[in-house]
Amino acid sequence: MLAILITLTAGASAIGWILSQSWRDRRRRNKIRAKPFPKEWRTILKKRMPYFRSLPSDLQLQLKKHIQVFLAEKQFVGCDGLEIDDEIRVTIAAQACLLLLNRQTDYYPNLRQILVYPSAFIVRQQQRDANGLEWHSQRLLAGESWGQGKVVLSWQNTLDDAADPADGRNVVIHEFAHQLDQEAGDANGAPRLGEFNAYPVWSQVLGQEFAKLQAQAASGEPSLFSYYGATNPAEFFAVISEVFFEQPQQMKADYPELYQELSRFYRLDPLNWQ
Ligand SMILES: [Zn+2]
């Protein structure tokens, strides 16, 4: 399995939705949403995103409007010779915008570019420890989320993950969950919850299940969640977000409190989509 790495960079905290969405932004976005959704894009959704068919019609409509705004605002860059076309743009935007449904959103305000490689890509890193010892490493990645403006994705992994909406693995959901987390500062598994009094329960429920996954990963005991989620709280939030959207039935049965926290955060109940 490919590792999905989160690169933590110190980034400026995003300001709140109400403050950051100017009247001009809202008017511009309303104009974009009012345009008809291109027929070709609808064909791509049907072909590449099995999720779309299972969404209730009001959420399908919301998703299409979000896709229109997302594609008008974000720049896609093809890497290693990949040519960006509407199939790539719409397939990625649709999955990224799943995480915005029913929520007040400023459309990933820190994000400017989505870099897309044809397949898994190699990231070389140079690190130095406290003693000044320097070493180099390289990792093969399916996706990466930066705190300052970028998400990097493998198109092949994006396609494979979109094609199977029930295996609990989805690199686009994973990386954009990091983006939501990073809106509140460095990724730490505590995205903006909206209400101040929601944090204690969130912290208690996620902290407890994170510790459980760490113990399972250490002992080799099977879990619904990938052991990669035991890396740190930020990865835990991204991994459980994948499962929340892709395996809601199992998650609600095995982790009812965790499911409830994510359902409250995402303002969705994907169980109704099955
Ligand atoms: Zn990650």
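At position 78 of the sequence shown the residue is numbered 78 (the working numbering), and the sequence of numbers has no breaks.
Glycine included, every Cβ here is placed at the ideal spot set by N, Cα and C.
When you compare the CB positions of residue i and residue j, do they come within less than 8 Å of one another, or not?
i, j, result
"PRO233", "GLY185", "no"
"GLN68", "ILE92", "no"
"HIS174", "GLY147", "no"
"GLN247", "GLY168", "yes"
"TRP273", "LEU45", "no"
"VAL172", "LEU159", "no"
"PHE236", "LEU213", "yes"
Below 6 Å CB to CB, which residues in the same chain sit around residue i once its five sequence neighbours on both sides are set aside?
i, result
"ARG264", "none"
"ILE15", "Its pLDDT being 41, under 50, ILE15 is placed unreliably in this model, and the value from its coordinates should be taken loosely. So the list is empty, once near-sequence residues are dropped."
"GLN62", "LEU101"
"GLN182", "GLY147"
"ALA217", "TYR227, ALA230"
"SER137", "GLN125"
Please determine, among the options, the residue with the shortest C-alpha to C-alpha distance to residue i.
i, options, result
"LYS47", "ILE88, GLY78, VAL205, TRP23", "ILE88"
"GLN75", "ASP181, ALA166, SER241, ARG112", "ARG112"
"LEU141", "GLN125, GLN148, SER54", "GLN125"
"ALA166", "GLY132, PRO50, GLN104", "PRO50"
"GLN156", "ASN272, GLY78, THR43", "GLY78"
"GLU195", "PRO270, GLU261, ILE84", "GLU261"
"ASP254", "PRO270, GLU209, ASP86, PHE237", "GLU209"
"GLU73", "PHE236, ARG26, GLN182", "ARG26"
"THR43", "ASP86, ASP58, ASN131", "ASP86"
"THR231", "GLY207, SER154, ASN110", "GLY207"
"LYS39", "VAL90, ASP269, LEU82", "VAL90"
"PHE37", "LEU71, ALA163, HIS136, GLN127", "LEU71"
"GLN179", "SER57, ASN110, LEU82, ARG28", "ASN110"
Can you check DSSP and say which residues form a bridge with residue i?
i, result
"TYR320", "The shown model of the chain, from 1 to 274, leaves out residue 320, and the question about it has no answer."
"GLN75", "GLN113"
"GLU134", "ARG128"
"ILE122", "LEU140"
"SER22", "In DSSP, SER22 forms no bridge with anything."
Please return the same chain residues whose Cβ sits closer than 7 Å to the Cβ of residue i, not counting the five positions on each side in sequence.
i, result
"GLN60", "PHE52"
"LEU193", "TYR199, TRP202, PHE265"
"GLU257", "VAL205"
"TRP135", "GLN127"
"LYS65", "ARG33"
"ALA252", "The sequence given here places Lys at residue 252; Ala does not occur at that position. Excluding positions up to five away in sequence, the list reads TYR259, LEU271."
"LEU82", "VAL116, TYR117, PRO118, TRP155"
"ASP269", "SER263"
Compare the C-beta of residue i against all C-beta atoms of chain C and say whether one is closer than 8 Å.
i, result
"ALA94", "Among the chains in the structure shown there is no chain C, since it carries only a single protein chain."
Leaving out five residues on either side along the sequence, give the residues of the same chain with a beta carbon under 8 Å from the beta carbon of residue i.
i, result
"PHE176", "GLN95, ALA96, LEU99, TYR108, SER145, VAL151"
"ASP80", "TYR117, PRO118, PHE121"
"ARG267", "LEU101, ASN102, ARG103"
"LEU133", "none"
"ALA163", "ARG48, PRO50"
Following a CB-centred definition, is residue i positioned closer than 7 Å to any heavy atom of ligand 3?
i, result
"ALA238", "Ligand 3 is not part of this structure, which contains only ligand 1."
Contact between the stretch 216–227 and the stretch 236–248: three or more CB pairs below 8 Å? Touching, per the Cβ criterion.
Can you confirm whether the stretch 108–128 touches the stretch 188–203 when touching is taken to mean that 3 or more C-beta pairs between the two stretches lie within less than 8 Å? With a cut-off of 8 Å, the stretch 108–128 and the stretch 188–203 do not count as touching, because too few Cβ pairs lie within range.
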